[in-house]
Each structure stands twice: as C-alpha cells, then as structure tokens.
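Residue numbers (this note's numbering), protein chains in the order written: chain A, 31 to 324; chain B, 239 to 317.
Shown next, in structure tokens, is the structure this report addresses.
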Amino acid sequence: MASLKEVRLRIVSVGSTQQITKAMKMVSAAKLRRAQDAILALRPYAQKLQEILENLSQSMGDAGGKYARVRPAEKVLLIAITSNRGLCGAFNSNVIRTVNRLLADKYATQNKAGNVKILCIGKKASDFYGKNAAVYAGNHNTLFAGITFDAVAKIAESVMADFANEQYDRVEIIYNQFKNAATQLITIEQMLPIQPAAKAADKAKKMVSDYIFEPGQTEIVLELIPKSLKTQLFKAVLDSHASEHGARMTSMNKATDNAEELIKQLKLSYNKARQAAITNEILEIVGGAEALNG
Amino acid sequence: MYLDIITPEKKLFSGEVNSVKVPGTDGEFQVLKNHAPIISTLQKGTVKVKSAEGLKTFTIGGGVIEVLKNKVILLAEVV
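Quick look at the structure:
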C-alpha cells in the first residue's frame, strides 16, 4: 500500500485537475450559449434568403450560373472545419477521420493523381494536414478569435473564385453539425457546384408572378447565389463552433465526474492507510506496556 | 407597414415604419405603405427609415429587399 504522504499528494493533484476541468466546463457552457445565439441570429436571414432563391430559381429552370455548372469531379477541395483547441472529446478526430475516409474511398483516384486539396479551418486540422504538402491548401486558424460574417465571406469568395476558373470541380465541407449540447453530427456537405433546390411546395409558384423584379429575375438570382453560398459556409462555421463547446462541455463534465470518483477511491485508501498506521502505533504502545509489566 | 432589417449576425431593425428609402441596383427608390410586391437587389449605400420616432439611417454593403403586403424584409450585409 502506498504511503500516507504519497496518497495525500495524489488527492491534492487530482483535486486541482478536477478544478481545472470544472472551470473549463463552465467556460464552455457560457461560450456555448453565445455560439447558440449566433446560430439563432443567422436563421431568419438564411431562411429568407433561401426562400427567395427557391421561389425565383423554380420559375427559371436551371439558370444557376457559373456556380451550378457540374463538371466531372477531377479536382476536389475539401474544407475541414475543426477547432483551435483540444480537450473536446472526439470532436476533432471525427472530422479528420471523415476526411481521411473521403480521401481513401470516394476520392481515391483523384487523391492518387494529387488533385485533392484540403483547406483547413481550425488548428487541429492544419496541424494534421500541414505536414502533407500534397493535399494542404492553407488554413484559416485565426477565424475563431471572433467569428464574423465578413471573415467567412472572404474565404467563401476565394473558394468560389477558384471554382469559377476551374481550379476545383467540386467543393465539400466537412464539419460537426450542432444538434444539441450533447450531440454533434458529423456532416459532409457539398458546397459547389450548387445542388438544385429541392422542389418546394406549390404555394411558392403562385407568389412569383405577383412580384416586380428589379433589375430582373436572372440578375437577382445570380446575385443571391454567392450570398447563399457565403451563408452556407458561415452556418457551417457557427455550427462547428457551437459543437466544439458542446463537445468540450460534455467531455469536461465526464472528466470532472471521473476525478470525483478517483478522489473517492484515493480517500478510501488514505483512510485505510491512516487507520493501519494508528493500529500499528497502538500495538507498539501496548506491546511496550506489556514488556514493562512483564 | 412593418420593416425588418436582418443581417447574418443580428437583427438591425424591426418595427412599424412610414417609409423606407433603399439604394436599389437600378437606382434609389422609396417604399411607402401599400407598395406593390417587389424583390430587388440593393447596392452599397444608406437605407433611410422614417417612422413615428423619426429618421434612422443604416449603411449597408449590399443586400436584397422583399416587399409583400405591407411587410418589408431587407436582407443586408453590413460594412
């Protein structure tokens, strides 16, 4: 059995670890709230934009413009969204595993030809793929310091430009979709080319004819598509950010519980050791007294 | 007439207004009560909102406006 002092030191050290994990959990809970608010704030904008776009493009057929052009997927860009920090369970490794699976299965031939690039948002992905110059296409790790639509829009713009001049034939985003604080859903979303909008309800058709369009229906759609793409990427980043804090909260909660359990066990063995020491001492004293009497 | 000005990050304005002047791609125009339904893209400029409380202006970097049955929704990008 470990000595009394050793056990006491371990209890102290586990206790301070527990304090750290508890604090991290609190911080993540607070940040999660803010991240969730950001998602909620985006929703009306995204919904309305989608609604207008769907109404318009439905009556227009397939005039989706240069971002809707489907080419054989020879050159692929994967946008991997992770976090800058660890200690959030399987959050980052899920993204990396999914990207690796895409590289090995779906885009195996393109990968062999060196035509798959990975754009990393978040330090964990860029740490992992940064060493692999064949696939690494840069990172945007500073984004999470303060997520703004502008900053995300700039990334989306450069990706859209690359797609338009045929540097890439397909762009996919891999990120953790935010379900709730405890659940993250790993998601692969095609960003470019734009997929035709799912056929909306019939009521949409009627609306179109009543509107005045300025400058014209096609022009409006062409202007709205880049906006909707930026919104899509922005939403993915916000989702991932909220998921990160959700994941960290859960894993830190678990760590705190584990520390609690560990402290309990250590305390038990500490008390056992203490009692054994006391018993020993009494035995010695009694033994000594016996010797004097005898 | 009810106006919502929404950006990807927050709601800039929401409330009852008398008129709103926007920088349309084809030129500035004003939306008053009972305006015909319209969808128009907007360019960089200022949006002027007149309500009972007075005049309010917002600078936008582009966007789109939809007017339908005295409900105006302005999706804006901030600059």
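All residues carry an ideal CB built from backbone N, CA and C; glycine is no exception.
Note that the coordinates shown come from a computational prediction; the quantities given were computed from them, not determined experimentally.
Worksheet item: Terminal residues of the continuous alpha helix (DSSP H) containing Phe251 (chain B)?
Response: Taking the first residue of the second sequence as 1, we reach residue 251 (chain B) at position 13. Note, Phe251 (chain B): premise wrong, no alpha helix (DSSP H); beta strand (DSSP E) at 249 to 254.
Practice prompt. Assign Pro261 (chain B) to buried or exposed, taking buried as 16 or more other Cβ atoms, counted over all protein chains shown, within 10 Å of its Cβ.
Written response: Taking the first residue of the second sequence as 1, we reach residue 261 (chain B) at position 23. Buried, since its Cβ has 16 or more Cβ neighbours within 10 Å.
Worksheet item: Mind checking Ser113 (chain A): buried by the 16 CB within 10 Å criterion, or exposed?
Response: Taking the first residue of the first sequence as position 1, residue 113 (chain A) is located at position 83. If you draw a 10 Å sphere on the C-beta of Ser113 (chain A), you find 16 or more other C-beta atoms in it, and that means buried.
Worksheet item: Quick one, are the C-beta atoms of Ile148 (chain A) and Tyr137 (chain A) less than 8 angstroms apart?
Response: Locating residue 148 (chain A) in the first sequence gives position 118, where the first residue counts as 1. Locating residue 137 (chain A) in the first sequence gives position 107, where the first residue counts as 1. No, Cβ-Cβ distance for Ile148 (chain A) and Tyr137 (chain A) is not below 8 angstroms.
Practice prompt. Would you mind stating whether Val106 (chain A) and Asn162 (chain A) have Cβ atoms separated by less than 8 angstroms?
Written response: Position 76 of the first sequence holds residue 106 (chain A). Position 132 of the first sequence holds residue 162 (chain A). The criterion of a C-beta distance shorter than 8 angstroms is not satisfied by Val106 (chain A) and Asn162 (chain A).
Worksheet entry | For Thr172 (chain A), the nearest candidate out of A:Phe179, A:Glu187, A:Lys153 (CA to CA) | Residue numbering aside, residue 172 (chain A) sits at position 142 when the first sequence is read from its first letter. Measuring from the Cα of Thr172 (chain A), the nearest candidate turns out to be A:Lys153.
Worksheet item: Do Glu244 (chain A) and Ile276 (chain B) come within 8 angstroms of each other at the CB atom, strictly closer than that value?
Response: Residue numbering aside, residue 276 (chain B) sits at position 38 when the second sequence is read from its first letter. Residue numbering aside, residue 244 (chain A) sits at position 214 when the first sequence is read from its first letter. Cβ atoms of Ile276 (chain B) and Glu244 (chain A): closer than 8 angstroms.
Worksheet item: Along chain B, in chain order, which residues have C-beta atoms closer than 8 angstroms to that of Lys78 (chain A)?
Response: As a working mapping, residue 78 (chain A) is identified with position 48 in the first sequence. Neighbours of Lys78 (chain A) on chain B, chain order: Ile244, Glu304, Ile311, Leu313.
Item to complete: Could you work out which residues of chain B lie near Phe264 (chain A), taking near to mean beta carbons separated by less than 7 angstroms?
Response: Start at 1 with the first residue of the first sequence, and residue 264 (chain A) comes out as number 234. Going along chain B in sequence order, the residues near Phe264 (chain A) (Cβ under 7 angstroms) are Pro246.
Fill in: Extent of the continuous beta strand (DSSP E) run through Met279 (chain A)
Here residue 279 (chain A) refers to the residue found at position 249 of the first sequence. No beta strand (DSSP E) holds Met279 (chain A); the alpha helix (DSSP H) holding it covers 247 to 323.
Fill in: C-beta contact flag for Glu286 (chain B) and Thr295 (chain B) at 8 angstroms
Within the second sequence, the letter at position 48 stands for residue 286 (chain B). Within the second sequence, the letter at position 57 stands for residue 295 (chain B). The sequence given here has Lys at residue 286 (chain B), not Glu. At the C-beta level, Lys286 (chain B) and Thr295 (chain B) come within 8 angstroms of one another.
Discussion item. So if I threshold CB-CB distances at 7 angstroms, which residues from the segment 270 to 281 of chain B count as touching chain A?
Written reply: Residues Ala274, Pro275, Ile276, Ile277, Ser278, Thr279.
Worksheet item: Just how far apart, CA to CA, sit Lys284 (chain A) and Glu202 (chain A)?
Response: In the first sequence, residue 284 (chain A) corresponds to position 254, counting from 1. In the first sequence, residue 202 (chain A) corresponds to position 172, counting from 1. Here the alpha carbons of Glu202 (chain A) and Lys284 (chain A) stand approximately 33 angstroms from one another.
Worksheet entry | Span separating the alpha-carbon of Ser58 (chain A) from that of Cys118 (chain A) | Numbered from 1 along the first sequence, position 28 holds the residue referred to as residue 58 (chain A). Numbered from 1 along the first sequence, position 88 holds the residue referred to as residue 118 (chain A). Between Ser58 (chain A) and Cys118 (chain A), the C-alpha separation is close to 10 angstroms.
Practice prompt. Could you spell out where the beta strand (DSSP E) holding Lys294 (chain B) opens and where it closes?
Written response: Sequence index remark: in the second sequence, residue 294 (chain B) carries index 56 (1-based). Start and end: 292 to 306.
Worksheet item: Run through DSSP, which three-state label would Gly283 (chain B) get?
Response: Counted from its first residue, the second sequence places residue 283 (chain B) at position 45. Strand at Gly283 (chain B).
Worksheet item: Closest by CA to Ser123 (chain A), which one among A:Ile255, A:Glu104, A:Glu274?
Response: Position 93 of the first sequence, counted from the start, is the residue given in the question as residue 123 (chain A). The residue from A:Ile255, A:Glu104, A:Glu274 with its alpha-carbon nearest to that of Ser123 (chain A) is A:Glu274.
Item to complete: Check whether the Cβ of Asp240 (chain A) lies closer than 8 angstroms to any Cβ atom in chain B.
Response: As a first step, residue 240 (chain A) is located in the first sequence; it is residue number 210 there, counting from the start. Asp240 (chain A) has a beta carbon lying within less than 8 angstroms of a beta carbon in chain B.
Discussion item. Going by beta-carbon coordinates alone, are Ala186 (chain A) and Leu259 (chain A) separated by less than 8 angstroms?
Written reply: As a first step, residue 186 (chain A) must be located in the first sequence, where it is residue number 156. As a first step, residue 259 (chain A) must be located in the first sequence, where it is residue number 229. Cβ atoms of Ala186 (chain A) and Leu259 (chain A): closer than 8 angstroms.
Worksheet item: What residue ranges within the segment 139 to 173 of chain A form continuous beta strand (DSSP E) runs of no fewer than 3 residues, ordered along the chain?
Response: As for any beta strand (DSSP E) of minimum length 3 sitting wholly inside the segment 139 to 173 of chain A, the runs are 146 to 151, 166 to 169, ordered along the chain.
Worksheet entry | chain B within 8 angstroms of Tyr205 (chain A), Cβ atoms only | Reading the first sequence from its first residue, position 175 is the one you call residue 205 (chain A). Not one chain B Cβ lies under 8 angstroms of Tyr205 (chain A).
Worksheet item: Going by beta carbon distance, what residues of the same chain come within less than 7 angstroms of Val316 (chain A), once the five residues before and after it are set aside?
Response: Here residue 316 (chain A) is taken as the residue at index 286 of the first sequence, counted from 1. Within its own chain, no residue has a Cβ closer than 7 angstroms to the Cβ of Val316 (chain A) once the five positions on either side in sequence are excluded.
Discussion item. For Val182 (chain A), which residues in the same chain have their Cβ closer than 8 angstroms to its Cβ, ignoring the five residues on either side in sequence?
Written reply: The residue you call residue 182 (chain A) lines up with position 152 of the first sequence. Leu173, Lys260, Leu263, Phe264, Val267, listed in sequence order.
Discussion item. Taking only three categories from DSSP, how would you classify Gln49 (chain A)?
Written reply: Sequence index remark: in the first sequence, residue 49 (chain A) carries index 19 (1-based). Note: Gln49 (chain A) maps to helix in three-state DSSP.
Practice prompt. Using alpha carbons as the reference points, say which of A:Gln225, A:Tyr241, A:Ile242, A:Ala211 lies closest to Arg64 (chain A).
Written response: Locating residue 64 (chain A) in the first sequence gives position 34, counting from the first residue. With distances taken between Cα atoms, Arg64 (chain A) lies closest to A:Ala211.
Worksheet item: Is DSSP giving Val310 (chain B) helix, strand or coil here?
Response: Position 72 of the second sequence holds residue 310 (chain B). Assignment of Val310 (chain B) by DSSP, reduced to helix, strand and coil, places it in the strand class.
Practice prompt. Can you grab the Cα-Cα spacing for the pair Ala49 (chain A) / Asp269 (chain A), in whole Å?
Written response: As a working note, residue 49 (chain A) is residue 19 in the first sequence. As a working note, residue 269 (chain A) is residue 239 in the first sequence. Looking at the sequence itself, residue 49 (chain A) is Gln, so the reference to Ala does not match. Approximately 28 angstroms, taken between the alpha carbons.
Discussion item. Using the Cβ count rule (16 or more neighbours within 10 Å means buried), how would you classify Gln197 (chain A)?
Written reply: The sequence position of residue 197 (chain A) within the first sequence is 167, counting from 1. It is exposed - the Cβ of Gln197 (chain A) has fewer than 16 other Cβ atoms within 10 Å.
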